[in-house]
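According to this note's numbering, the sequence shown holds residues 42 to 400 in order.
Built from N, CA and C at the ideal position, the CB exists for glycine as well.
Keep in mind that this is a model prediction, so the values were computed, not measured.
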Amino acid sequence: MSAPSRRDPGCLNGLRYLNWDADRGHLHRGAALAKESPPPDSKWLVYVASLPMDDPAARMRVLRTLESMGCAVLREGVYLLPDSQANRLGLRRLSEHMSRMSGSAHILQATNLDAQQGQAFRSLFDRAGKYQELIKAVEGLRAGFGISEPSAIARVLNKQRREFEAISALDFFGSPVKEQAAQVLRDTEGEVRKRMFPDAPNSGRLTQTGRYYFKRLWASRKPLLADRLASAWLIRRFIDPEASLMWMEKTQQCPSTAVGFGFDGATFSNSKDKVTFQELLAKFGLDNNETLTRIGALVHYLDTGGASVAEAAGVETLLEGARRRCNSDEELFTESEKTFDLLYEAYFDAPGKDSVPRS
Numbered sequence: 042m043s044a045p046s047r048r049d050p051g052c053l054n055g056l057r058y059l060n061w062d063a064d065r066g067h068l069h070r071g072a073a074l075a076k077e078s079p080p081p082d083s084k085w086l087v088y089v090a091s092l093p094m095d096d097p098a099a100r101m102r103v104l105r106t107l108e109s110m111g112c113a114v115l116r117e118g119v120y121l122l123p124d125s126q127a128n129r130l131g132l133r134r135l136s137e138h139m140s141r142m143s144g145s146a147h148i149l150q151a152t153n154l155d156a157q158q159g160q161a162f163r164s165l166f167d168r169a170g171k172y173q174e175l176i177k178a179v180e181g182l183r184a185g186f187g188i189s190e191p192s193a194i195a196r197v198l199n200k201q202r203r204e205f206e207a208i209s210a211l212d213f214f215g216s217p218v219k220e221q222a223a224q225v226l227r228d229t230e231g232e233v234r235k236r237m238f239p240d241a242p243n244s245g246r247l248t249q250t251g252r253y254y255f256k257r258l259w260a261s262r263k264p265l266l267a268d269r270l271a272s273a274w275l276i277r278r279f280i281d282p283e284a285s286l287m288w289m290e291k292t293q294q295c296p297s298t299a300v301g302f303g304f305d306g307a308t309f310s311n312s313k314d315k316v317t318f319q320e321l322l323a324k325f326g327l328d329n330n331e332t333l334t335r336i337g338a339l340v341h342y343l344d345t346g347g348a349s350v351a352e353a354a355g356v357e358t359l360l361e362g363a364r365r366r367c368n369s370d371e372e373l374f375t376e377s378e379k380t381f382d383l384l385y386e387a388y389f390d391a392p393g394k395d396s397v398p399r400s
């Protein structure tokens, strides 16, 4: 990095620095600059990193972490992010990791010099191209209507939904193409639901008792153990895609308008030989889905024991990791959805059923 300009002691590579936060030291800019009130989107974090050259694997992990955070590359070892609490925290955690692997990193808080430079920096985080690629992929799935099984299209569509969420998480400035991508996803998901469940109005799933469940509030109690998490995933993926979820401390808190699941006295709960997940499969006519049935057996083992399932320990380890990492029930459920999505994918492509050769 070049030295600051003599004309502007607060200028660093075209950026006007606010402060330097490294270890416990802080270098603050002059009082005159501190009086300025730059626009909110003119504040940036510059990450200056020196990666260890003797550990290629560790170096690659750091680079992948920077990429996953959405960092823009200004030059080798110099990265840019919009200034936010979450980005600061992420970079500080990465700096701690860097110090343990004999690397070094400094975090600079900076502002762009003018509106033109600010626009140039914003363009580094333009996600429009990513959204357009997603739109093209989702629209391509529609060509399979009437040819491919709706469940197969739904599997791929779930991947596209996760991709949309990943792009959105790094769309710091709200691309105008985001809503277009979201609408294409919603329309395609709605069409797939109609093809999967043609007898249900508004694409809601028809139970054997003749009652419809669509856009409902579904409530279960804490703690969020395997059966409740898996059941909530099943509801969102196969029964009521627009369901709202509520996690209660006490079952007495269950609203009269909510559909209870996973606790004594709930509409859907454990029976003599089934856990809640398996009860939902049976009541909603999904127990002929071999993949969901296999997941049901795994959830049954985790919840009540019985016939062991090879993957059960690994799934429980992932769920426990999510519990320790997440700060809220909503965040925990979002993380657990990824686990069950991947489990569904793995079971669907099990040996002997649409196997994919692996090199």
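| Query | Result |
| --- | --- |
| CA-to-CA distance, Asn153 to Ile176, given in whole angstroms | 33 Å |
| Rounded straight-line distance, which links the Cα of Phe213 to that of Trp274 | 28 Å |
| Simplified DSSP assignment, three categories, for Phe214 | coil |
| Cβ pair Phe381, Leu286 closer than 9 Å | no |
| Complete beta strand (DSSP E) runs within the stretch 321-379 (minimum length 3 residues, chain order) | none |
| Three-state class that DSSP yields for Asn311 in the structure shown | coil |
| 8 Å CB neighbourhood of Leu384 in its chain, flanking five on each side removed | Ile336, Leu339, Glu352, Val356 |
| Helix, strand or coil at Thr264 according to DSSP, with G and I counted as helix | The question names Thr, but residue 264 in the sequence shown is Pro. Reduced to three states, the DSSP call for Pro264 is coil. |
| Three-way DSSP call (helix, strand, coil) for Val103 in this model | helix |
| One or two residues paired with Met94 in a DSSP bridge | BP columns for Met94 are empty, so no partner. |
| Beta-ladder partner(s) of His147, from DSSP | Val89 |
| Residue range of the unbroken beta strand (DSSP E) whose run includes Met408 | Residue 408 is absent from the structure shown; the chain starts at 42 and stops at 400. |
| Spatial neighbours of Thr292 in its chain, beta-carbon cut-off 8 Å, leaving aside the 5 residues before and after | Arg262, Gly301, Phe304, Asp305, Gly306, Ala307 |
| Where the beta strand (DSSP E) containing Met237 begins and where it ends | From DSSP, Met237 is part of no beta strand (DSSP E) but of the alpha helix (DSSP H) over 219-237. |
| Pairwise C-alpha distance: Arg234 and Ala146 | 49 Å |
| Top-ranked residue by Cα proximity to Met237, from Gly326, Ala98, Leu265, Asp96 | Gly326 |
| Simplified DSSP assignment, three categories, for Ala299 | coil |
| Proximity to Ala267 [Cα-Cα], best of Gly346, Leu258, Pro217 | Gly346 |
| Val316 - DSSP class collapsed to helix/strand/coil | coil |
| Reference Leu257; option with closest CA among Phe279, Leu270, Glu283 | Here residue 257 turns out to be Arg, not Leu, going by the sequence shown. Taking only the C-alpha atoms, the option nearest Arg257 is Glu283. |
| Extent of the continuous alpha helix (DSSP H) to which Arg163 belongs | 156-164 |
| Beta-bridge partners of Trp288, as assigned by DSSP | Ser261 |
| C-beta neighbour in chain D for Ser310, strict 9 Å | Going by chain labels, chain D is absent from the structure shown, which holds only one protein chain. |
| Neighbourhood of Ile276 by C-beta, 6 Å cutoff - its chain only, sequence neighbours within 5 removed | Trp259, Ala284 |
| Arg168 (DSSP reduced to helix, strand or coil) | coil |
| Where Pro123 falls: helix, strand or coil (DSSP) | strand |
| Val114 - partner residues in DSSP beta bridges | Tyr120 |
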